[in-house]
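Letter by letter, the sequence shown follows residues 11 to 108 in our numbering. Every residue, glycine too, gets a C-beta built ideally from N, C-alpha and C.
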Amino acid sequence: MSDIVKQDRGQLRIDEDECKGCGLCVEACPPKAIRLSEHLNHSGYRPAYYAGSGCTGCGICFMTCPEPGAITVLRLARPAAARQIDSKMQGAVACASN
Ligand code: SF4
Ligand code: SF4
11 MSDIVKQDRG QLRIDEDECK GCGLCVEACP PKAIRLSEHL NHSGYRPAYY
61 AGSGCTGCGI CFMTCPEPGA ITVLRLARPA AARQIDSKMQ GAVACASN
C-alpha cells in the first residue's frame, strides 16, 4: 500500500459573477475537477466552481471559457523531489537514445 499523495499542480479561481454557467469548462477538464453550482449567481446562472482537488494546471478550462475574466488558472511550483525524478528520467531517455 502506497502513502504517496499526488499533489495538485494547479489551482483554479472562478469569478462566479462573470460565469454564464455554460458548462464548457466542466466538460473540457480532463480530471473533471470543475462542477456547476446549485445556487444562482447575480445574473441567474449556475456558476462553475472548483471541486477542490485534481487540477493539473493544464489551462484547458481557461482556453475553453468564452467569458473573459471568469477563470484564472494558477500553476503551482512542483516539489523538489518531483523535479529530481524528472531530471533522472530525462537522463535515462538521453542514455537510451545514444
Ligand atoms: S487547469 Fe486543467 S485540470 Fe485544472 S481545472 Fe482547468 S481544465 Fe481542469
Ligand atoms: S466555461 Fe466559463 S462561462 Fe462556461 S461554465 Fe465554465 S467558467 Fe462559466
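3-residue-minimum beta strand (DSSP E) runs that sit fully inside the stretch 21-47, ordered along the chain
44-46
Simplified DSSP state of Thr74, which is helix, strand or coil
Position 64 of the sequence shown, counted from the first residue, corresponds to residue 74. Thr74 falls in the helix class under three-state DSSP.
As assigned by DSSP and simplified to three states, the class of Ala58
In the sequence shown, counting from the first residue as 1, residue 58 sits at position 48. Reduced to three states, the DSSP call for Ala58 is strand.
Where does Leu86 sit, in a helix, a strand or coil, going by DSSP?
Residue numbering aside, residue 86 sits at position 76 when the sequence shown is read from its first letter. If DSSP states are grouped into helix, strand and coil, Leu86 belongs with coil.
Alpha carbon to alpha carbon, what distance is there between Gly64 and Asn51?
Position 41 of the sequence shown, counting from 1, holds the residue named residue 51. Position 54 of the sequence shown, counting from 1, holds the residue named residue 64. Going by the C-alpha atoms only, they are around 25 Å apart.
Is Leu22 close to ligand 2? I mean its beta-carbon at under 7 Å from any heavy atom of the ligand.
The sequence position of residue 22 within the sequence shown is 12, counting from 1. Checking every heavy atom of ligand 2 against the Cβ of Leu22, none is found closer than 7 Å.
C-beta atoms of Val36 and Ile44 nearer than 8 Å
The residue labelled residue 36 in the question sits at position 26 within the sequence shown. The residue labelled residue 44 in the question sits at position 34 within the sequence shown. It is a contact, given that the beta carbons lie within the stated cut-off.
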